[in-house]
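Its first residue numbered 185, the sequence shown is counted upward by one per residue in my numbering. We put the beta carbon where it would ideally sit given N, CA and C, even for glycine.
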Amino acid sequence: MSGSCGAQLMVKVFSGLVGFQLYFLNRSFILEIKRKRKMRIRNKYRKPTTFPCNAGSRCSMSTVVWSLVGFLLMLHIYSLASHRDGASGEVQLRKSPHLLFRELEEVEEENIQIPPPRGKRSPRAAKRRPKRTTTLIDEFLDENSQLRHVFFPDMKTAIDPVKDNGNDSFYYYPGRIWLDTEGAPIQSHGGGMLYDQRSRTYYWYGEYKDGPTYHAHKKGPARVDVIGVSCYSSKDLWTWKNEGIVLAAEETNETHDLHKSNVLERPKVIYNENTGKYVMWMHMDDCNYTKAAVGVAISDYPTGPFDYLYSKRPHGFDSRDMTIFKDDDGVAYLIYSTDDNSDLHIGPLTADYLDVTDVVRRILVGQHREAPALFKFEGTYYMVTSGCSGWAPNEAIIHAAESIMGPWEIMGNPCIGGNKIFRLTTFFAQSTYVIPVPGLPGSFIFMADRWNPADLRDSRYVWLPLIVGGPADRPLEYNFGFPLWSRVSIYWHKKWRLPPRWSF
Ligand code: DGJ
185 MSGSCGAQLM
195 VKVFSGLVGF
205 QLYFLNRSFI
215 LEIKRKRKMR
225 IRNKYRKPTT
235 FPCNAGSRCS
245 MSTVVWSLVG
255 FLLMLHIYSL
265 ASHRDGASGE
275 VQLRKSPHLL
285 FRELEEVEEE
295 NIQIPPPRGK
305 RSPRAAKRRP
315 KRTTTLIDEF
325 LDENSQLRHV
335 FFPDMKTAID
345 PVKDNGNDSF
355 YYYPGRIWLD
365 TEGAPIQSHG
375 GGMLYDQRSR
385 TYYWYGEYKD
395 GPTYHAHKKG
405 PARVDVIGVS
415 CYSSKDLWTW
425 KNEGIVLAAE
435 ETNETHDLHK
445 SNVLERPKVI
455 YNENTGKYVM
465 WMHMDDCNYT
475 KAAVGVAISD
485 YPTGPFDYLY
495 SKRPHGFDSR
505 DMTIFKDDDG
515 VAYLIYSTDD
525 NSDLHIGPLT
535 ADYLDVTDVV
545 RRILVGQHRE
555 APALFKFEGT
565 YYMVTSGCSG
575 WAPNEAIIHA
585 AESIMGPWEI
595 MGNPCIGGNK
605 IFRLTTFFAQ
615 STYVIPVPGL
625 PGSFIFMADR
635 WNPADLRDSR
645 YVWLPLIVGG
655 PADRPLEYNF
665 GFPLWSRVSI
675 YWHKKWRLPP
685 RWSF
């Protein structure tokens, strides 16, 4: 190590230490701001515009000034001890208190070489038209790409939890075909997870897409006729038993919402303690995505069958990608992309979870986000969303809020590792759900879909560790630019598993 490198390192380490000291010194002040903001938001659901010092309370000017100075120092020092290595631009190892998850925070790089264009070109042709350069995204979208096996590995590499896997047991291989206990590829796309306390079992619901892909119109998106909502059960989140189609398509009645020619996407199920019913919400549409509604179904059992109740435009607005979220107090919320996908709406469901109430807030206004996946940690709400680019992958963004009704702030791209294109495409996948790992606070599994628009039934699952911890690295809009929340990181791994000592 050269002298200047050593000195730089010393400065960084020292800055980091001072930064953390200041961080903790100011933490109580931050918590106070958070508490006041929470109360104000709860009362008004409104963007704060004033300094959080009640008009009637005595607020010493010097305390305020010194705290602000502390904040500014802290921010400055954080930027010095930045997470990025200036020379390589690569993301460095991040530490978290979750010892069991620590090895999953190691940054794994991907070095994929883009193949040269195929076929020989005559010198004259080469002169006329310069060599076409392709990007990794072009390769991903090209079903004849020589890199196809990288994004969509074939059956030979399938994960088969039933066979004797030896040391490979419980390992997730994002993007590989994943077999159920009968040896068939799992069909549960755009899915969500229910942990059923009563049976201590995980239930994975999703779109069963095992049919031919076609275009209803020349310019329409690729589609598969609706077959229904699948359900798989597991005790260990790795071995999945097919519980069958729990909400089936309608074959003959063309006017029925569930008619196979329509669209049924992103089903999610929650349990209602008051009624003892399992309630499913999903995106219901026609093949042109103009109906833009939600559908609701209900069952006495997690494994169905579910009875379809109705569809509607929630709060009278168009609704496309959606999810539901059940909070610790039992109140559940519907979150959906609306206003032609420019905004999202969020609002509580009725006590029986069968409808929305009149309360709704517009969030992520003008941000054009979809595929929302919500989770909560230490009283803060987080949401991963994708951009809107059909079946093609794009950059994920993480949002955070003190109140689920907003305001929601942008915290940036949570993806770490792989390479730049991997991070800008959410590892060639799109968010669908985030599973809390019980017993490991702050540790989650990020569930995403790697869509295969040429053959949608062959879309893959990208499950990766998601960890909340460490200081956020982006100034925020509504908090005087200060990062009040922990960073959310999704780490790329070719293979990974939950910590062996994790108890199911
Ligand atoms: C993106 C959405 O997230 C998917 O659920 C699906 O609706 C596709 N668009 C269709 O192009």
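Q297, buried or exposed, once every other Cβ within 10 Å from all chains shown has been counted against 16: The residue labelled residue 297 in the question sits at position 113 within the sequence shown. Classification of Q297: exposed, given that the 10 Å Cβ count is below 16.
G290 classed as buried or exposed, judged by whether at least 16 other C-beta atoms fall within 10 angstroms: For the purposes of this step, residue 290 is identified with residue 106 of the sequence shown, where counting begins at 1. The residue asked about is misnamed: residue 290 is Glu in this sequence, not Gly. Classification of E290: exposed, given that the 10 Å Cβ count is below 16.
Host alpha helix (DSSP H) of R607 (start-end): Stepping through the sequence shown from its first residue, residue 607 is reached at position 423. First-last of the alpha helix (DSSP H) with R607: 604–608.
Same chain, Cβ closer than 7 Å to T318, five either side skipped, listed in chain order: By 1-based counting over the sequence shown, the position of residue 318 is 134. Cβ contact annotation for T318 (same chain, cutoff 7 Å, sequence separation greater than five): I298, in chain order.
Spatial distance of T609 from S418 (CA atoms): For this step, residue 609 is matched to residue 425 along the sequence shown. For this step, residue 418 is matched to residue 234 along the sequence shown. Their Cα atoms are separated by approximately 29 Å.
V334 in three-state terms, based on DSSP: In the sequence shown, counting from the first residue as 1, residue 334 sits at position 150. In the three-state scheme derived from DSSP, where H, G and I count as helix and E and B as strand, V334 is classed as helix.
Segment contact flag, the segment 483–492 with the segment 508–522, C-beta cutoff 8 Å, min 3 pairs: Counting Cβ pairs under 8 Å, fewer than three are found: no touch.
Counterpart residues of R546 in DSSP-defined beta bridges: Taking the sequence shown and counting its residues from 1, one reaches residue 546 at position 362. In DSSP, R546 forms a bridge with H529.
Span of the beta strand (DSSP E) around L518: Locating residue 518 in the sequence shown gives position 334, where the first residue counts as 1. Its beta strand (DSSP E) spans residues 516–522.
The ligand DGJ heavy atom lying under 7 Å from the CB of G390: What you label residue 390 is simply residue 206 of the sequence shown in a count that begins at 1. With a cutoff of 7 Å, G390 does not count as near the ligand DGJ, since its C-beta is closer than that to no heavy atom of the ligand.
Distance between D633 and D642 (C-alpha atoms, nearest Å): What you label residue 642 is simply residue 458 of the sequence shown in a count that begins at 1. What you label residue 633 is simply residue 449 of the sequence shown in a count that begins at 1. Each residue's Cα considered, the two are about 11 Å apart.
Same chain, Cβ closer than 7 Å to M194, neighbours up to 5 away in sequence not counted: Walking along the sequence shown from the start, residue 194 turns up at place 10. Low confidence applies here, because M194 scores a pLDDT of 41, under 50, leaving its location unreliable; read the following figure in that light. Around M194, the same chain offers no residue with a beta carbon nearer than 7 Å, after the five sequence neighbours per side are excluded.
Beta carbon shell of the ligand DGJ at less than 6 Å from a heavy atom: Around the ligand DGJ, the residues selected by a Cβ distance under 6 Å to any of its heavy atoms are G374, P405, E449, R450, D505, E554, A555, G574, W575, Q614, following chain order.
Host beta strand (DSSP E) of F285 (start-end): The residue labelled residue 285 in the question sits at position 101 within the sequence shown. Counting along the chain, F285 falls outside any beta strand (DSSP E), and DSSP gives it neither H nor E.
Whether E449 touches G571 by CB criterion (8 Å): Your numbering for residue 449 matches position 265 in the sequence shown. Your numbering for residue 571 matches position 387 in the sequence shown. Contact: no.
CA-to-CA distance, F630 to A656, given in whole angstroms: Sequence index remark: in the sequence shown, residue 656 carries index 472 (1-based). Sequence index remark: in the sequence shown, residue 630 carries index 446 (1-based). Approximately 19 Å between the Cα atoms of the pair.
Buried or exposed (CB count within 10 angstroms, at least 16 for buried), S766: The chain is shown from 185 up to 688; residue 766 falls before or after that span and cannot be answered.
Enclosing beta strand (DSSP E) for F630 [first to last residue]: Working through the sequence shown from its first residue, we reach residue 630 at position 446. Segment 627–634, the beta strand (DSSP E) holding F630.
Where W465 falls: helix, strand or coil (DSSP): As a first step, residue 465 is located in the sequence shown; it is residue number 281 there, counting from the start. W465 falls in the strand class under three-state DSSP.
Buried versus exposed, by CB contacts within 10 Å (16 or more), P683: One-based indexing of the sequence shown puts residue 683 at position 499. Under this definition P683 is a buried residue.
W676 vs G626 beta-carbon contact at 8 Å: Numbered from 1 along the sequence shown, position 492 holds the residue referred to as residue 676. Numbered from 1 along the sequence shown, position 442 holds the residue referred to as residue 626. The answer is no: Cβ separation not under 8 Å.
Span of the beta strand (DSSP E), counted from its first residue to its last, around L624: Walking along the sequence shown from the start, residue 624 turns up at place 440. Looking at the DSSP string, L624 is not in any beta strand (DSSP E), and its letter there is neither H nor E.
Residues of its chain near P556, where Cβ-Cβ distance is below 6 Å and the 5 sequence neighbours each way are ignored: By 1-based counting over the sequence shown, the position of residue 556 is 372. These residues qualify, in order along the chain: T507, I519, M567, T569.
Own chain residues within Cβ distance below 7 Å of G550, not counting five before or after: On the sequence shown, position 366 is the one that residue 550 refers to. Counting only Cβ-Cβ distances below 7 Å, and skipping sequence neighbours, we find S526, D527.
DSSP bridge partner residues for L493 (one or two, in chain order): Along the sequence shown, one-based indexing puts residue 493 at 309. By DSSP's assignment, L493 forms no beta bridge with any residue.
Stretch-stretch touch, CB-based, cutoff 8 Å, three pairs: the segment 499–506 with the segment 521–540: Result yes; three or more Cβ-Cβ pairs closer than 8 Å.
Pick from V453, A535, N597 that is closest to Y389, judged by C-alpha positions: In the sequence shown, the residue the question calls residue 389 occupies position 205. Answer by Cα proximity: V453.
Spatial neighbours of Y617 in its chain, beta-carbon cut-off 8 Å, leaving aside the 5 residues before and after: Along the sequence shown, read from residue 1 onward, the residue named residue 617 stands at position 433. Cβ neighbours of Y617 beyond the five flanking positions: G375, G376, M377, K452, T507, A557, M631.
DSSP state of I321 mapped onto helix, strand, coil: Working through the sequence shown from its first residue, we reach residue 321 at position 137. Helix, per DSSP.
N-terminal and C-terminal residue of the beta strand (DSSP E) that V652 is part of: Residue 652 sits at position 468 when you count from the first residue of the sequence shown. Here the beta strand (DSSP E) through V652 covers 644–655.
DSSP three-state assignment for T564, whether helix, strand or coil: Within the sequence shown, the letter at position 380 stands for residue 564. Note: T564 maps to strand in three-state DSSP.
CB-CB length for L538 against V480, believed under 8 Å: Counting from 1 along the sequence shown, the entry for residue 538 is found at position 354. Counting from 1 along the sequence shown, the entry for residue 480 is found at position 296. Between V480 and L538 the Cβ distance is about 6 Å, and since that is below 8 Å, they are a contact.
3-residue-minimum beta strand (DSSP E) runs that sit fully inside the segment 344–396, ordered along the chain: The segment 344–396 is shown to contain whole beta strand (DSSP E) runs of 3 or more residues at 373–380, 385–392, in chain order.
Rounded Cβ spacing between T365 and T423 (contact assumed at less than 8 Å): On the sequence shown, residue 365 is found 181 positions in, with the first residue counted as 1. On the sequence shown, residue 423 is found 239 positions in, with the first residue counted as 1. Yes, they are in contact, since the Cβ atoms of T365 and T423 sit about 6 Å apart, within 8 Å.
D338: CB within 7 Å of a non-hydrogen atom of the ligand FAD: You won't find the ligand FAD in this model; what it holds is the ligand DGJ.
Supposed contact pair P591 and F285 - C-beta distance, whole angstroms, cut 8 Å: Looking up residue 285 in the sequence shown gives position 101. Looking up residue 591 in the sequence shown gives position 407. Incorrect: roughly 30 Å between the Cβ atoms, too far for contact.
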